[in-house]
Amino acid sequence: MLEEKNLLNLYDRLYTAYGPQNWWPAETPFEVMVGAVLTQNTAWINVEKAISNLKHANFLTPEKILSLDEKQLARVIKPAGYFNIKARRLKNLCAWLPDKQGYQNKRRWQTEKLRESILSVNGIGPETADDILLYVFQRPVFVIDAYTRRLLSRLGLIDGYENYEILRAYMEKALPGDVALYNEYHALIVRHAKEKCYQDVKFMDQRSDQHFLYDNCRHCFVEGIKSF
Numbered sequence: 008m009l010e011e012k013n014l015l016n017l018y019d020r021l022y023t024a025y026g027p028q029n030w031w032p033a034e035t036p037f038e039v040m041v042g043a044v045l046t047q048n049t050a051w052i053n054v055e056k057a058i059s060n061l062k063h064a065n066f067l068t069p070e071k072i073l074s075l076d077e078k079q080l081a082r083v084i085k086p087a088g089y090f091n092i093k094a095r096r097l098k099n100l101c102a103w104l105p106d107k108q109g110y111q112n113k114r115r116w117q118t119e120k121l122r123e124s125i126l127s128v129n130g131i132g133p134e135t136a137d138d139i140l141l142y143v144f145q146r147p148v149f150v151i152d153a154y155t156r157r158l159l160s161r162l163g164l165i166d167g168y169e170n171y172e173i174l175r176a177y178m179e180k181a182l183p184g185d186v187a188l189y190n191e192y193h194a195l196i197v198r199h200a201k202e203k204c205y206q207d208v209k210f211m212d213q214r215s216d217q218h219f220l221y222d223n224c225r226h227c228f229v230e231g232i233k234s235f
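Written out as structure tokens, the structure is:
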């Protein structure tokens, strides 16, 4: 079971190493929602290109996206990959939240009701729903992604086989229910995983530079894991 002291220790070390991440990079809540859909199975740099296309075409509103046919929208967001699927998902999400009034109304909903409603949108899974809850609606919901699972399992804090909902519950039970903390923590994990905690373990082990969590990582430090 995850413990608060271990997780806060890890957070402090990540924050000391990388500082504030100012995530999610967007000008409006709706842009965050679009980014949460477009970032599925692609690098963020590709998401930025797709969002730039939407802005340049003046399509970055729910009303404009709903007015487009799927093929037209798919062409605009093509840099994000899986563009036909994502075009459909974006239109589904816009139908769920068609305007600013809809956003204001849903802001008053309880978190569980809001989460269930987001998950009812075709093509929106738990990770995307929790991105929207945390970064758009400012709810204390911890986002579990591949980076989180990879880092925590390599540090020996989890087995790594827990399903999404169980791991999310573990994190939220162990940590204070603080939106700012969850926001920064998730962003820091992503930063560290991209720069140091690579998916390719062989490549990571061959690197000469030892990162600040080296002595705790079961993949970097072959002689064992030191306790936090």
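When we follow my numbering, the leftmost residue of the sequence shown carries the number 8, and every step to the right adds one. In this text, a Cβ means the ideal position worked out from N, Cα and C, and glycines have one as well.
Coil, strand or helix - residue i by DSSP
{"i": "E37", "result": "A small fix is needed here, since residue 37 is Phe in this sequence, not Glu. In this structure, F37 counts as helix in the three-state DSSP scheme."}
{"i": "A50", "result": "coil"}
{"i": "A153", "result": "helix"}
{"i": "R146", "result": "coil"}
{"i": "A57", "result": "helix"}
{"i": "L126", "result": "helix"}
{"i": "L67", "result": "coil"}
{"i": "G42", "result": "helix"}
{"i": "L162", "result": "coil"}
Straight-line gap, residue i to residue j (C-alpha atoms, nearest Å)
{"i": "K107", "j": "T35", "result": "11 Å"}
{"i": "E179", "j": "L14", "result": "11 Å"}
{"i": "L80", "j": "I58", "result": "11 Å"}
{"i": "N53", "j": "R114", "result": "29 Å"}
{"i": "R146", "j": "E119", "result": "10 Å"}
{"i": "L67", "j": "Y18", "result": "34 Å"}
{"i": "N60", "j": "A87", "result": "11 Å"}
{"i": "D138", "j": "L21", "result": "20 Å"}
{"i": "V143", "j": "P32", "result": "12 Å"}
{"i": "P236", "j": "L126", "result": "No answer is possible for residue 236: it lies beyond the span of the chain, which begins at 8 and ends at 235."}
{"i": "K203", "j": "A24", "result": "12 Å"}
{"i": "E55", "j": "Q111", "result": "26 Å"}
Where the alpha helix (DSSP H) containing residue i begins and where it ends
{"i": "I139", "result": "133-142"}
{"i": "N16", "result": "11-25"}
Proximity test, residue i beta-carbon vs the ligand GDP heavy atom, cut-off 6 Å
{"i": "V44", "result": "With respect to the ligand GDP, the structure offers nothing, as it holds no ligand at all."}
Proximity of residue i and residue j at Cβ, strictly below 7 Å
{"i": "L140", "j": "I196", "result": "no"}
{"i": "I151", "j": "L174", "result": "yes"}
{"i": "A156", "j": "G130", "result": "Looking at the sequence shown, residue 156 is not Ala but Arg. No, the pair does not count as a contact, with Cβ atoms beyond the cut-off."}
{"i": "L164", "j": "L9", "result": "yes"}
{"i": "L45", "j": "K93", "result": "yes"}
{"i": "W30", "j": "A194", "result": "yes"}
{"i": "R198", "j": "Q47", "result": "no"}
{"i": "C101", "j": "L75", "result": "no"}
{"i": "A64", "j": "V83", "result": "yes"}
Quiz prompt | Uninterrupted beta strand (DSSP E) stretches inside the stretch 165-203 (no shorter than 3 residues) | solution = none
Practice problem: Kindly provide the ranges of any alpha helix (DSSP H) runs that are 4 or more residues long and lie completely inside the stretch 70-122, ordered along the chain. | Solution: 77-83, 90-103, 107-113
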